[in-house]
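In what follows, a structure is listed as structure tokens, so that the remarks can point back to it.
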Amino acid sequence: MPSDDFIDLLKLLIRAPSVVGAEHSFFRVLQRELEERGAKVTWYEGLLVAQGSDPFSTMFSAHIDRHGLVCTGPNEFQYAAFVSANRTDLLNNSVSEELMSKVTGRFNHEEVYAYEPWSGIYRGKGVITKSYVCEYRNNLIFEIDGLEGVVAGTPIAFKDQLHLVNNRLEGQLDNVISAAALVHLFDHGFKGTAFFTAQEEAGKSWRYLLEWFRRFGGSTNRLFVVDTSPFPNIEAANKQLLVLREKDANATFNPDSTKLLEALCEKNNISYLYKNRYVEEENTKRAEQGLPPSSLGSTELGRIIAASNGLVDGTTIQMPTIGYHTMHESASVESVDAFIDMLKVVSNI
């Protein structure tokens, strides 16, 4: 079971809103928690950088934006990730969008609240009564009872809190649980750098990260990107404690970094799965059934590797979850423990 300190931190962070495109107030919460733990914190556009005494020893990155809504007109609310990305349709090869097109009914009756994006000040609450894909705008449209007076541009967060259900941590975990793990590292003397990025769900976070590396990085930079990884059911998720990747839909990851993680998993008796191999095996089955293939998924790391011309390289460390992109995403406490342990081992703490 994760420590009480970690659980308390996660409870705090999961209650702080961080809707895609309106993450400023969450960055403020993160900054306070990091500085209390002795980190040097610097704020850039779309990026919070927390550094210890040896910044280039180990570098982790976690996106901190979460799915939510944004008011786009009188009593009109749209899915924030698509508004933020300036996209008008759901057609993309990202696994997240593939799933989002299926979740139009999953948020019905969820409680939401409006907040001021800079300060996080509460602006009212409501309940989602209906959600659907608009055939004219090709976006997810939501109807909310109780927020009729909210003005356009106001972010709307899902009311969330952490639950422990059948030895699984449950809530809107993507990706606040990874952010909490990185903050928690500083409690244990982490000396490296932790990057916290905005707008990953809108496909923008890699740009903020790449700008930092272009300004301050070395000639080559090894980065470990941490996130959750979706599985269709508990049985599939529980077959491994951690998820590794050799590649995603955008790029091949650094093989040495990936093999290092594999070796560390073997040494520490942590079960693991390569997600790209899993998807390819599932696609073989789908092809036999005449079904279209699933995407390998689009990660922050794949995007930055593809765009950086060798400046940034690395691999991913992911936590298997179910209920992806819902209010009931869950991870086993054993996976969370293994995830935190792996971050410590990689960091030599």
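Note that the numbering used here numbers the sequence shown so that position 331 is 384, with each residue one more than the last. Ideal Cβ positions, reconstructed from N, Cα and C, are used throughout, including at glycine.
Residue i versus residue j - alpha carbon distance
{"i": "D61", "j": "N362", "result": "40 Å"}
{"i": "D107", "j": "F243", "result": "9 Å"}
{"i": "S110", "j": "K312", "result": "18 Å"}
{"i": "V389", "j": "D366", "result": "25 Å"}
{"i": "L326", "j": "F113", "result": "20 Å"}
{"i": "L152", "j": "N303", "result": "Here L152 scores only 49 on pLDDT, less than 50, and its place in the model should not be relied on; the value that follows carries that caveat. Taking the straight line from one Cα to the other gives about 18 Å."}
{"i": "I370", "j": "K320", "result": "16 Å"}
{"i": "G376", "j": "F284", "result": "8 Å"}
{"i": "A316", "j": "A391", "result": "14 Å"}
{"i": "K338", "j": "E299", "result": "21 Å"}
{"i": "N220", "j": "E382", "result": "13 Å"}
Simplified DSSP state of residue i, which is helix, strand or coil
{"i": "F80", "result": "helix"}
{"i": "W96", "result": "strand"}
{"i": "F284", "result": "coil"}
{"i": "T369", "result": "strand"}
{"i": "F243", "result": "coil"}
{"i": "E253", "result": "coil"}
{"i": "M395", "result": "helix"}
{"i": "G25", "result": "A query on residue 25 cannot be resolved here, the shown segment of the chain reaching from 54 to 402 and no further."}
{"i": "H381", "result": "coil"}
{"i": "T337", "result": "helix"}
{"i": "T141", "result": "Only weak support exists for where T141 lies, its pLDDT of 41 falling under 50; the value from the coordinates is given anyway. Looking at T141 - three-state DSSP - the assignment turns out to be coil, as it is neither helix nor strand."}
Burial state of residue i, where buried means 16 or more other Cβ atoms lie within 10 Å
{"i": "H216", "result": "exposed"}
{"i": "V218", "result": "exposed"}
{"i": "V229", "result": "buried"}
{"i": "P208", "result": "buried"}
{"i": "D309", "result": "exposed"}
{"i": "L410", "result": "For the chain, the structure presents residues 54 to 402; residue 410 sits outside this window and is missing."}
Presumed contact (8 Å Cβ cut-off) between residue i and residue j, rounded CB distance
{"i": "L349", "j": "T281", "result": "Not quite, the Cβ-Cβ distance comes to about 16 Å (not below 8 Å), so this is no contact."}
{"i": "L238", "j": "F306", "result": "About 22 Å separates the two Cβ atoms, so there is no contact after all."}
{"i": "V165", "j": "F211", "result": "6 Å"}
{"i": "E201", "j": "I181", "result": "With a Cβ gap of about 14 Å, E201 and I181 do not count as contacting."}
DSSP bridge partner residues for residue i (one or two, in chain order)
{"i": "M112", "result": "T246"}
{"i": "F195", "result": "F130, S184"}
{"i": "V279", "result": "I370"}
{"i": "P208", "result": "V123"}
{"i": "Y327", "result": "L297"}
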